[in-house]
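Residue numbers (the working numbering), protein chains in the order written: chain A, 9 to 147; chain B, 9 to 147; chain C, 9 to 147.
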Amino acid sequence: MWLSRQLSIAAKPRGFHLITDEVSNALPEIRQLKVGVLHVFIQHTSASLTINENADPSVRHDLEQHFNRSVPENAPYYQHMDEGSDDMPAHIKASTLGASQSIPIANGQLQLGLWQGLYLCEHRNYATNRTLVLTLNGE
Amino acid sequence: MWLSRQLSIAAKPRGFHLITDEVSNALPEIRQLKVGVLHVFIQHTSASLTINENADPSVRHDLEQHFNRSVPENAPYYQHMDEGSDDMPAHIKASTLGASQSIPIANGQLQLGLWQGLYLCEHRNYATNRTLVLTLNGE
Amino acid sequence: MWLSRQLSIAAKPRGFHLITDEVSNALPEIRQLKVGVLHVFIQHTSASLTINENADPSVRHDLEQHFNRSVPENAPYYQHMDEGSDDMPAHIKASTLGASQSIPIANGQLQLGLWQGLYLCEHRNYATNRTLVLTLNGE
Chain A
9 MWLSRQLSIA
19 AKPRGFHLIT
29 DEVSNALPEI
39 RQLKVGVLHV
49 FIQHTSASLT
59 INENADPSVR
69 HDLEQHFNRS
79 VPENAPYYQH
89 MDEGSDDMPA
99 HIKASTLGAS
109 QSIPIANGQL
119 QLGLWQGLYL
129 CEHRNYATNR
139 TLVLTLNGE
Chain B
9 MWLSRQLSIA
19 AKPRGFHLIT
29 DEVSNALPEI
39 RQLKVGVLHV
49 FIQHTSASLT
59 INENADPSVR
69 HDLEQHFNRS
79 VPENAPYYQH
89 MDEGSDDMPA
99 HIKASTLGAS
109 QSIPIANGQL
119 QLGLWQGLYL
129 CEHRNYATNR
139 TLVLTLNGE
Chain C
9 MWLSRQLSIA
19 AKPRGFHLIT
29 DEVSNALPEI
39 RQLKVGVLHV
49 FIQHTSASLT
59 INENADPSVR
69 HDLEQHFNRS
79 VPENAPYYQH
89 MDEGSDDMPA
99 HIKASTLGAS
109 QSIPIANGQL
119 QLGLWQGLYL
129 CEHRNYATNR
139 TLVLTLNGE
């Protein structure tokens, strides 16, 4: 089975957000697969995808705090400043965290660990909807 | 061919560890594939997978030293502190390095470069076994 | 369809370089796929692949500036120094950015966002050619 589906995620505040359920609900076909891989791709360069803890929201808070410090705004060596002080840091965070995640499937279920969830990482202060491309492949 | 297999990696000390042989030995079916991709996924949020140099162990030492400095312990802005001072840094390192790696296969062999190996990156001080999900797909 | 092809990218100066066209031109077969995934893998540990902005070259300049600061040369705790002061930082950047990118395909086209491009990130001062393994899978 091959399947490609776009999923629009409503605009979110800057920060890290759990989207595991939203993505898996958009793909009921996962249940039909004995083995496979789900590829999730974000079509933007100032937001990203990662996998991290699905329980305590303080992990998401701390990730945001960490990356705000390790990727500074208004660094004196930035040339790409026209779209606001959060824009170039957003690009750097996007490359650090990545534009896609691949999640294995077995026995009709995503094989995430017990504590793992998929995050949308919104790096802009005022974002619009974000488009994901979901590609499901398996048998 | 589609194949999904769990592989348990015995507990390792904090740091970067080569696991290329352990993973490929768990999948003799790689030899049957003319073309394909091996997806390796770690079901944890405080350990990660990366690809880096397979020869000089000092590369693994220096990676550990670098990430210990770029991701501080006990940062004053952390809220997620209950599981120890190495826990939140472990989550940040896991997202920075990533939960999965995909390695191409051709002519029955992983197409790693001459100097490339797969690493398990253990970010906790006292870890237990780590579970990998190996998904092999090809023809 | 399964297809594996090596692509040699001519030596580039240290920095971030757009290679979307070079990669897609090497794979005219993309046009035949209704759904699929392109996996691009770099067989080196001191260069990497990422996806970021395809328009303003200042984004590429700033990425280089950022990673040069967040990954120092000649750090006192490095042991891996024999191949020059740019070598260990190159390994760290390679693991931070990643050895591969997977790009979804639908209706015969890579499903990159309007502003997304594939980058080769060259982390060495004096690099040689870089070999990519392109794996195309779809139907």
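Quick reminder that beta carbons are idealized off the backbone N, C-alpha and C, glycines included. Here the structure is a predicted model, which is why all the values come from computation and not from measurement.
Check, Outcome
"Using a Cβ cut-off of 9 Å, pull out every chain A residue sitting near tyrosine 86/B, in sequence order please.", "Ser66, His69, Asp70, Gln73, His74"
"DSSP three-state call for glutamate 61/B: helix, strand or coil?", "strand"
"Could you give the distance in angstroms between the alpha-carbon of alanine 18/B and the alpha-carbon of threonine 136/B?", "7 Å"
"Let me know the secondary structure DSSP gives asparagine 76/C once reduced to three states.", "helix"
"Suppose contacts are defined by Cβ-Cβ distances below 8 Å. Is isoleucine 111/C in contact with leucine 46/C by that definition?", "yes"
"For a test of the three-state rule: what should DSSP assign to leucine 71/B, helix, strand or coil?", "helix"
"Just how far apart, CA to CA, sit threonine 104/B and tryptophan 123/A?", "17 Å"
"CA-CA distance, tyrosine 85/A and proline 65/C?", "14 Å"
"Determine, for serine 93/B, whether the minimum Cβ-Cβ distance to residues of chain A falls below 8 Å.", "no"
"Buried or exposed: which applies to serine 12/B, given that a residue is buried once 16 or more other Cβ atoms fall within 10 Å of its Cβ?", "buried"
"Could you name the residues that DSSP lists as bridge partners for tryptophan 10/B?", "Asn145/B"
"Grouping DSSP H, G and I as helix and E and B as strand, with all else coil, what is isoleucine 38/B?", "helix"
"Using the Cβ count rule (16 or more neighbours within 10 Å means buried), how would you classify glutamine 51/B?", "buried"
"Assuming contact is defined by CB atoms lying nearer than 8 Å, are glycine 116/A and threonine 58/A in contact in what I supplied?", "no"
"Roughly how many angstroms separate the alpha carbons of serine 78/A and leucine 26/B, rounded to a whole number?", "27 Å"
"For a test of the three-state rule: what should DSSP assign to glutamate 81/B, helix, strand or coil?", "coil"
"Please name the residue, chosen from Ser16/A, Leu41/A, Glu130/A, that lies closest to aspartate 94/A on a Cα-to-Cα basis.", "Glu130/A"
"Can you give me, in chain order, the residues of the stretch 97-122 of chain A that have a beta carbon less than 7 Å from any beta carbon in chain C?", "His99, Ile100, Ala102, Ser103, Thr104, Gly106, Ala107, Ser108, Ser110"
"Going by beta carbon distance, what residues of the same chain come within less than 7 Å of serine 32/C, once the five residues before and after it are set aside?", "Ile38, Leu118"
"Determine the direct distance from the alpha carbon of leucine 126/B to that of glutamate 30/B, and round the result to whole angstroms.", "10 Å"
"Could you give the DSSP three-state label for glutamate 130/B: helix, strand or coil?", "strand"
"Does the beta-carbon distance from alanine 63/B to leucine 128/B come in below 8 Å?", "no"
"I need the boundaries of the beta strand (DSSP E) containing proline 112/B, first residue and last residue.", "108-114"
"Does chain B have any CB closer than 8 Å to the CB of alanine 40/A?", "It should be pointed out that residue 40/A corresponds to glutamine in this sequence rather than to alanine. Chain B contact via Cβ: absent."
"To the nearest angstrom, how far is the alpha carbon of isoleucine 6/B from that of asparagine 145/C?", "A question about residue 6/B goes unanswered here, because the residues of chain B that appear run from 9 up to 147."
"Could you work out which residue in Met96/A, Gln40/A, Glu72/A, His74/A is closest to valine 67/C when comparing CA atoms only?", "Met96/A"
"Taking valine 141/C as the query, report the chain B residues whose CB atoms sit under 8 Å from its CB, ordered along the chain.", "Pro112, Ala114, Gln119"
"Find the residues of chain C that neighbour serine 4/B, judging by a C-beta separation of less than 7 Å, and give them in chain order.", "Since the first and last residues shown for chain B are 9 and 147, residue 4/B lies out of range."
"For leucine 142/C and leucine 35/C, I'd like the C-alpha separation in whole angstroms.", "8 Å"
"What are the boundary residues of the beta strand (DSSP E) that histidine 52/B is part of?", "No beta strand (DSSP E) contains histidine 52/B, which DSSP labels as neither H nor E."
"With glutamine 109/B and valine 48/B assumed to form a contact (beta carbons below 8 Å), what rounded beta-carbon distance in angstroms separates them?", "5 Å"
"On the DSSP bridge list, what partners appear for valine 45/A?", "Pro112/A, Asn145/A"
"Give me the Cβ distance between glutamine 40/B and methionine 89/B, rounded to the nearest whole Å; I'm assuming they're in contact under 8 Å.", "Not quite, the Cβ-Cβ distance comes to about 49 Å (not below 8 Å), so this is no contact."
"Tell me, which residues are paired with leucine 15/B by DSSP?", "Leu140/B"
"Restricting to Cα atoms, I'd like to know which of Ala83/A, Glu91/A, Leu140/A, Ala98/A is closest to glycine 23/A.", "Ala98/A"
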